[in-house]
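Remarks on the structure that follows.
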Amino acid sequence: MKFQAIDYAETDEHRMIRATARALVAEHLAPIAAALDREQRFPAEVVKVLGQHGLLGLIAGEEFGGGQRDFIGAAIVAEEIGKVCTGTYTSTSGHVLAVHWIDAYGRPEQKARYLPRLVTAEALAGIAITEPEAGSDVAALRTAAVRAGDCFLVNGGKVFITNGSVAEVLVCLVRTGGAGAKGLSTLIVETCTPGFSASRPLEKCGNRCSPTAEISFRDCRVPAANLLGGEGEGFKQVMQLFAFERALVGVVCGALCEAALEQAVRYCRERRQFGQALIEFQMVQQLLAEMTVDLQATKSLTRDLLRQLAAGADAGVAAAITKIFSAEAVQRVTSNAVQLLGGYGYTREFPAERWYRDAKLFAIGGGTTQIQKLIVARALA
């Protein structure tokens, strides 16, 4: 009996989405993935191709060119991208999260204005939440949006913003009221607006082709019509958004685990020591078995979470559990892949080294592992 990793695709439509995504990724992304990491270059051309084929808008409604809010389909696309280039996954998932946010909470006129261009990736988007003193503590953010007639006057700054330097649209969490969670609202900000600026991309350990920037607002006038939902609803919105973001983390961690396991198995079958293939050594088999368990457990948790989201369930705790396990599993699996490849695993000749660097992000971004454990613990109280 041959091993097969869990597949999120359960319908012919989802299998077709996977086949399309896999073919496009193989043609346009795989040949340049290593160079993108080396050069810290954003693959705008790849994102455009994926968008033109409708793969980055599956989470939006059909009336705007989307895929009928297809959580499973969006996850399948993310998996195919993440298995080849995690940095490209990070940027495209930031875009997908922004699309989901506008689709879920936007008024008809806001959706009509923004979603058609975002669904096709004609325009790139991202979300802007984190600030220097408001990372895990979202309710402490300070970027202020003060009503001034038919506009909000925005002042402040944010850090670690995925696509911050390349996006045309950012969905931003801002403070429109008093202290705490109840004072937070959401604005759709077009980055061409005077008063908005973004830094050059930060140098990072991994996910290097995904531009991560600091952004700032100085008397940035954002139309009041760009308020997403009502004033004071921002915290509730972002808490619901986090469940989908954490599901995507499970998806990409599973993708990295699968890619690392496949490469390790190939290498251990071909590489010989002491007159036999590495895969015949018991200690090697133990590592490969542990990697397989981590892969299947990650994908099982993620599949269950995606099904809950697709059914409209409140999946906050399940999302935290999925993120805790998957973020730790992917670090174990990619580390073991480097170990099994030996000296080659420590070089850039093989992508295992890149995957090992990429994996660390997922214990930090989208809510640290420690915060996820706090969420789970509070659910037990």
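The numbering of the sequence shown is our numbering, which starts it at -9 and goes up by one.
Note that the Cβ used here is the ideal one computed from N, Cα and C, for glycine as well.
Every value quoted in this text rests on a predicted model; they were computed, and no experiment measured them.
_Assuming S81 is part of the alpha helix (DSSP H), what are its boundary residues?_
76 to 95
*asked:* Suppose you measure from the CA of G393 to the CA of A138; what does that come to, to the nearest Å?
replied: With the chain covering -9 to 371 only, the question about residue 393 has no answer from this structure.
*Shortest alpha-carbon distance to K73 belongs to which of R347, Q275, E235, C247?*
C247
*Have a look at A353 and G57 and give me their C-alpha separation to the nearest angstrom.*
Just so you know, the alpha carbons of A353 and G57 end up roughly 30 angstroms apart.
*With distances taken from CA atoms, which of G357, A245, P341 is nearest A287?*
A245
*Taking just the CA atoms, how far does R132 sit from R107?*
30 angstroms
*Of the choices E223, A317, G51, whose alpha-carbon is the least far from that of V241?*
A317
*Could you tell me if M6 is buried or exposed, where buried requires 16 or more neighbouring beta carbons within 10 angstroms of its beta carbon?*
exposed
*Based on the DSSP secondary-structure assignment, which residues constitute the bridge partners of G72?*
DSSP lists no partner for G72.
*Is L370 buried or exposed, if buried means 16 or more other CB atoms sit within 10 Å of its CB?*
exposed
_Residue from T337, G146, L177, V149 with nearest C-alpha to R97_ = Closest option to R97, Cα to Cα, is L177.
*Which stretch, first to last residue, makes up the alpha helix (DSSP H) that contains T202?*
First-last for T202: 202 to 213, but that is the beta strand (DSSP E), not the alpha helix (DSSP H).
*Would you check if the stretch 156 to 172 and the stretch 222 to 234 touch, i.e. whether three or more CB-CB distances between them fall below 8 angstroms?*
yes
*Determine the direct distance from the alpha carbon of Q230 to that of R262, and round the result to whole angstroms.*
If you take the alpha carbons of R262 and Q230, they lie about 50 angstroms apart.
_Does M372 pass the burial test, meaning 16 or more other C-beta atoms within 10 Å, or should it be called exposed?_
Nothing about residue 372 can be read from this structure; the chain reaches only from -9 to 371.
*Inspect the CB distances between the stretch 340 to 356 and the stretch 187 to 196 and report whether three or more fall short of 8 angstroms.*
yes
*When we look at the beta-carbon of A188 and count the other beta-carbons within 10 Å, is it buried (16 or more) or exposed?*
buried
*Would you give the residue range spanned by the beta strand (DSSP E) that S155 belongs to?*
Segment: none, S155 is in no beta strand (DSSP E) and carries neither H nor E.
*Between which two residues does the beta strand (DSSP E) carrying G116 extend?*
115 to 118
*Flag this pair as touching only if the stretch 294 to 311 and the stretch 327 to 343 have three or more C-beta atom pairs under 8 angstroms; answer yes or no.*
no
*asked:* Just to confirm the assignment, what range does the alpha helix (DSSP H) spanning R259 have?
replied: 224 to 260
_C-alpha gap between L46 and S206, whole angstroms_ = 27 angstroms
*Between the Cα of A50 and the Cα atoms of G265, A16, R59, which residue gives the shortest distance?*
Checked all of G265, A16, R59; the closest Cα to A50 is R59.
_DSSP beta-bridge partners of V373_ = Residue 373 cannot be examined here, being either before or after the span of the chain that is shown, -9 to 371.
*Taking the alpha helix (DSSP H) that R137 falls in, what are its first and last residues?*
Element bounds for R137: not the alpha helix (DSSP H) but the beta strand (DSSP E), 134 to 138.
*Less than 8 angstroms between the CB atoms is what I'm expecting for I151 and G116, so what's the real figure, rounded?*
6 angstroms
*asked:* Measuring straight from C-alpha to C-alpha, what distance separates R208 and H43?
replied: 37 angstroms
*Limits of the alpha helix (DSSP H) - the one that T311 falls within*: Going by the sequence as given, residue 311 is Ile instead of Thr. Per DSSP, I311 belongs to the alpha helix (DSSP H) from 306 to 331.
_Is it buried or exposed, K313, if we count other Cβ atoms within 10 angstroms and call 16 or more buried?_
buried
*Short Cβ contact (8 angstroms threshold) for T202 with L217*: no
*If you draw a straight line from the alpha carbon of A420 to that of A233, how long is it in whole angstroms?*
Residue 420 cannot be examined here, being either before or after the span of the chain that is shown, -9 to 371.
*asked:* Taking 8 angstroms as the limit between beta carbons, can you name the residues of its chain near R190, skipping five residues before and five after?
replied: S155, A203
_Buried versus exposed call for D93 [16 or more other C-beta atoms within 10 Å across all chains shown]_ = buried
*To the nearest angstrom, how far is it from the Cα of G332 to the Cα of E260?*
13 angstroms
*Out of curiosity, what's the CA-to-CA distance linking K148 and T80?*
18 angstroms
*asked:* Restricting to Cα atoms, I'd like to know which of L277, A319, L268, D127 is closest to T292.
replied: A319
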